[in-house]
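Structure first, commentary second.
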Amino acid sequence: MSDKTMPNSLRLKKLTLAQISDSHLFADRTGLHHQANVYQNLINVLLAIKNQPSIDAIIFTGDLTQDHTLESYQLFVSAFEACEIITPVYFIAGNHDEPTLLSRYLSHAPFCQDSIIENDDWQVLLLESKSATPAGEISKAQFDIAAGMIDPTKAQLLLMHHHPVDVGYFIDQHGLINQAEFQQFLTDFPSIKAVGCGHIHQALTLPMTLEHSTVSLYTCPATSIQFDINSLTAKSNGQPPGYRLFTLATNGEFTSTVHFV
Numbered sequence: 000m001s002d003k004t005m006p007n008s009l010r011l012k013k014l015t016l017a018q019i020s021d022s023h024l025f026a027d028r029t030g031l032h033h034q035a036n037v038y039q040n041l042i043n044v045l046l047a048i049k050n051q052p053s054i055d056a057i058i059f060t061g062d063l064t065q066d067h068t069l070e071s072y073q074l075f076v077s078a079f080e081a082c083e084i085i086t087p088v089y090f091i092a093g094n095h096d097e098p099t100l101l102s103r104y105l106s107h108a109p110f111c112q113d114s115i116i117e118n119d120d121w122q123v124l125l126l127e128s129k130s131a132t133p134a135g136e137i138s139k140a141q142f143d144i145a146a147g148m149i150d151p152t153k154a155q156l157l158l159m160h161h162h163p164v165d166v167g168y169f170i171d172q173h174g175l176i177n178q179a180e181f182q183q184f185l186t187d188f189p190s191i192k193a194v195g196c197g198h199i200h201q202a203l204t205l206p207m208t209l210e211h212s213t214v215s216l217y218t219c220p221a222t223s224i225q226f227d228i229n230s231l232t233a234k235s236n237g238q239p240p241g242y243r244l245f246t247l248a249t250n251g252e253f254t255s256t257v258h259f260v
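Count the sequence shown with numbering that gives the first Met the number 0 and you get residues 0 to 260, in order.
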């Protein structure tokens with residue numbers, strides 16, 4: 000995680016963030032993932048976000064690539080160029096991604112390699128959960144870095160790729176493996192108001208019950224496909240691509256909405 004100071008343009012009284020996730024791109028823009036043209040779906044989502052001028056930043060929560068090619072990373076960048084996105088874009092790795100390739104290809108504007116967005120009232124922290132397997136794990140080092148960045152006089156939104164609580168369908172076999180440690184982290188820092196993730200290809204709101212409080216998990220719909228939660232394996236349920244908005248206001252107040260396009 001980086002401790003760089005955010006641009007003045009983001010030090011606002013209110014932050015509006017668009018979360019996108021799980022583009023699953025191929026080397027070719029005609030590539031299909033479960034019969035969906037995922038490049039075109041990403042374009043459609045980016046254009047919808049661009050039409051909302053109040054958005055201060057876009058945060059991509061991982062799984063850029065499906066076929067693990069260099070060209071898929073280049074295609075991701077090309078999508079933002081084609082849509083003329085100038086809003087700052089932050090990102091973290093998903094289980095499909097190589098962090099070194101993300102850093103190499105997402106290295107110029109509008110992409111930002113910082114992992115904190117901060118204003119007078121909020122801190123948005125990006126946590127790396129990629130592990131050596133498709134499941135996720137937040138390392139002790141990552142916990143320690145995050146702990147050192149948290150300002151208890153502000154509210155925090157944590158964003159990550161993997162889901163830290165079970166959601167009740169096949170993707171749970173690839174969830175966060177150290178859920179208890181994560182929930183203890185939330186307990187240790189009561190200024191954390193909410194958690195967001197990708198990975199599950201669905202838009203859900205789930206409570207995480209802690210020792211003295213409850214923190215909600217907000218999951219992000221994919222730009223590629225939405226999973227059929229009744230299937231035993233990855234299968235599209237036919238929903239369109241989507242994104243999630245977070246509006247972070249003063250005094251730790253926030254709202255979140257989901258948009259399909």
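No residue lacks a Cβ here, since even glycine has one placed at the ideal position from N, Cα and C. On a predicted model such as this, the values are computed, not experimentally measured, just so you know.
Element boundaries [beta strand (DSSP E), containing residue i]
i, result
"G237", "Neither: G237 is in no beta strand (DSSP E) and is coded neither H nor E."
"G241", "241-247"
"A154", "154-159"
"Q182", "Element bounds for Q182: not the beta strand (DSSP E) but the alpha helix (DSSP H), 178-187."
"T208", "204-208"
"L216", "213-218"
"H258", "253-259"
Backbone CA spacing between residue i and residue j [nearest angstrom]
i, j, result
"S138", "Q238", "34 Å"
"R103", "S215", "34 Å"
"H23", "E136", "21 Å"
"S114", "V164", "22 Å"
"F25", "T222", "13 Å"
"A108", "I85", "7 Å"
"P151", "A248", "16 Å"
"I19", "N50", "15 Å"
"S77", "T132", "29 Å"
"L41", "P240", "8 Å"
"L69", "L105", "12 Å"
"T186", "F59", "26 Å"
"H258", "A140", "35 Å"
"S190", "S53", "26 Å"
"V44", "C111", "19 Å"
"A81", "A179", "42 Å"
"Y168", "H162", "12 Å"
"T208", "Y72", "37 Å"
"T246", "T218", "15 Å"
"A154", "E83", "32 Å"
"E252", "T213", "15 Å"
"I272", "I57", "With the chain running from 0 to 260 in the structure shown, residue 272 is simply not present."
"M0", "L125", "Its pLDDT being 45, under 50, M0 is placed unreliably by the model, and the measurement read from it follows with that caveat. Looking at the two C-alpha atoms, the distance is approximately 7 Å."
"S130", "F142", "14 Å"
Host alpha helix (DSSP H) of residue i (start-end)
i, result
"L24", "Per DSSP, L24 belongs to no alpha helix (DSSP H) and is neither H nor E."
"A145", "139-148"
"Y168", "Unbroken run through Y168: none, as it is neither H nor E."
"P98", "98-104"
Beta-bridge partners of residue i, as assigned by DSSP
i, result
"E117", "Q122"
"G32", "Before going further, note that residue 32 is His rather than Gly in the sequence given. Beta-bridge pairing links H32 to A35."
"L74", "Partner(s): none; L74 has no beta bridge."
"G197", "Answer is none; G197 lacks a bridge partner."
"Q18", "I58, R243"
"F110", "V88"
"T68", "In DSSP, T68 forms no bridge with anything."
"L46", "According to DSSP, which records beta bridges pairwise, L46 is partnered with nothing at all."
"I191", "Q155"
"K129", "G135"
"L175", "G135"
"F226", "S235"
Buried or exposed by the 16-neighbour rule on C-beta atoms within 10 Å, applied to residue i
i, result
"K117", "The question names Lys, yet the displayed sequence has Glu at residue 117. Burial call: buried."
"G195", "buried"
"E210", "exposed"
"N7", "Confidence at N7 is low in this model, with a pLDDT of 45, below 50, so the placement of that residue should be treated as unreliable; the coordinate-derived value is given next. Answer is exposed; the Cβ neighbour count stays below 16."
"K12", "exposed"
"Y242", "buried"
"S128", "buried"
"N250", "exposed"
"Q201", "buried"
"D96", "buried"
"Q65", "buried"
"D2", "Bear in mind that the predicted position of D2 carries a pLDDT of just 38, short of 50, making it too unreliable to give a figure here."
"P220", "buried"
"A146", "exposed"
"A233", "exposed"
Contact check, residue i vs residue j, beta carbons under 8 Å
i, j, result
"F181", "L175", "yes"
"L203", "V166", "yes"
"L16", "D55", "yes"
"V294", "L158", "In the structure as shown, the chain starts at 0 and stops at 260, and residue 294 therefore has no counterpart that could be examined."
"S235", "L244", "no"
"G197", "H160", "yes"
Below-8 Å beta-carbon distance, residue i vs any chain C residue
i, result
"D21", "The structure shown contains no chain C, having only a single protein chain."
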